Amino acid sequence: MRFRHPDGSVVHLAYCTNVHPAETLDGVLAQLRDHCEPVRKRLGRDRLGIGLWLAKDAAHALVTDPAALRGLRTELDRRGLEVVTLNGFPYEGFGAEEVKYRVYKPDWTDPERLSHTTDLARLLAALLPDDVTEGTISTLPLAWRTPFDPVHAEAARAALTVLAQRLDALEELTGRSIRIGLEPEPGCTVETTRDAIAPLTAVGHDRIGVCVDTCHLATSFEEPQTALDALAAAGIPVVKSQLSAALHAEHPHLAQVRQALAAFDEPRFLHQTRTRTPAGLRGTDDLGQALAGDALPDTAPWRAHFHVPLHAAPAPPLTSTLLYLIHISEPTRRS
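No gaps in the numbering here: position 251 of the sequence shown is 1287 in my numbering, and each next residue is one more.
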């Protein structure tokens, strides 16, 4: 969907399709039919923007078969859907029974990540609506934090520099400007927006910026205005925002709260958990680790990396960080 911002710019709001994982092109087409078009109709809109997730196999099928790519574009038009952004973070297997740490592979030290993201940029340039010249792709924040040393950091910087050059060439060829946003996530090399400043400054190209995921931002207890001001001061663009809330436990020392949290400790995804202490942020890689014994101090609120939909809320005694999202929405729109 499109909205006109008071400053005259167009704001694109999209429905993210990785909530319905599809690994193949046939799966993507079924996703459009079974989920995206019905959502558009229920909203009563003529057009609905979608944030498309193209896994490795689906992307390969489209890159190697121009007819298939034209067919996808036709199918989008026929169903009243448009694509201005892709989720390029998961590479494959996002619907597997156990994802956990696998979602961070390949990372930006692996040439396959560069190749896959280049393919996604070319596909997005071909899928953009005729009246749109800019698109965005979110990607993982370099790598999981271990192992990651200066050699890995240089490999990631070199890969992103090559990507920026390829995006320049793509715009010359197609007239479409595609930008990439590192998506800071708890536990990763780039865990916070501030962590993004040094590696992106090293790349030094405005086609490579940050994707602000408000669940991740809230989980890390980042102050919205402070985070966005720091990015702006460093000249790092916010190219995309992903809107959801994080899970919040105000009193994690209480038995009933811990019991409620345990219901969210599931085997598919990591639910990194954080708390603020006088010495700084403390955390665990997964919610189950936080609940086990004294791995995490429980004298202050906990937040867990669990994407709570904006229209929903967990049952008491848990809450979400929805109010936090309201505080960030206005400065994000202005960035």
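All C-beta atoms, glycine included, are put in the ideal place defined by N, C-alpha and C.
These numbers come from a predicted model, not from an experiment.
Distance between residue j and residue i (C-alpha atoms, nearest Å)
i: D1242; j: V1046; result: 20 angstroms
i: L1068; j: C1052; result: 11 angstroms
i: T1313; j: A1336; result: 7 angstroms
i: L1206; j: D1155; result: 11 angstroms
i: W1089; j: P1074; result: 18 angstroms
i: L1283; j: D1265; result: 25 angstroms
i: A1269; j: Q1295; result: 43 angstroms
i: G1255; j: A1328; result: The sequence given here has Thr at residue 1255, not Gly. Looking at the two C-alpha atoms, the distance is approximately 19 angstroms.
Bridge-paired residues (DSSP) for residue i
i: C1052; result: G1087
i: T1335; result: Its beta-bridge partners do not exist; DSSP assigns none.
i: G1171; result: I1214
i: L1117; result: L1084
i: R1109; result: For R1109, which the question treats as bridged, DSSP gives no partner whatsoever.
i: W1180; result: C1224
i: L1122; result: L1088, I1173
Secondary structure of residue i, DSSP reduced to three states
i: Q1278; result: strand
i: I1272; result: coil
i: G1245; result: strand
i: S999; result: Residue 999 falls outside the range modelled here, since the chain spans only 1037 to 1371, and no answer is possible.
i: L1283; result: strand
i: R1369; result: A caution first: R1369 carries a pLDDT of 48, below 50, which makes its placement in the model too unreliable to give a value.
i: A1351; result: coil
i: V1135; result: coil
i: L1317; result: strand
i: R1304; result: coil
i: A1340; result: strand
i: T1100; result: coil
Nearest neighbour of residue i, chosen from the options [CA to CA]
i: R1215; options: V1275, H1056, H1289; result: V1275
i: P1345; options: E1302, D1249, L1267; result: D1249
i: L1098; options: C1072, H1071, G1080, G1063; result: G1063
i: T1311; options: H1048, D1334, A1348; result: D1334
i: H1307; options: L1297, G1316, A1315; result: L1297
Closer than 7 angstroms: residue i CB and nearest the ligand FMN heavy atom
i: N1123; result: This structure lacks the ligand FMN, and indeed carries no ligand of any kind.
Does the count of Cβ pairs from the stretch 1134-1149 and the stretch 1109-1116 closer than 8 angstroms reach three? Verdict: no, contact absent.
Count the CB pairs spanning the stretch 1127-1142 and the stretch 1161-1171 that are closer than 8 angstroms, and state whether there are at least three. As far as the Cβ criterion goes, the stretch 1127-1142 does not touch the stretch 1161-1171, which means the pair count is below three.
Would you be able to state if there are at least three C-beta pairs under 8 angstroms between the stretch 1209-1225 and the stretch 1284-1291? Taking 8 angstroms as the limit for Cβ pairs, the verdict is that the stretch 1209-1225 does not touch the stretch 1284-1291.
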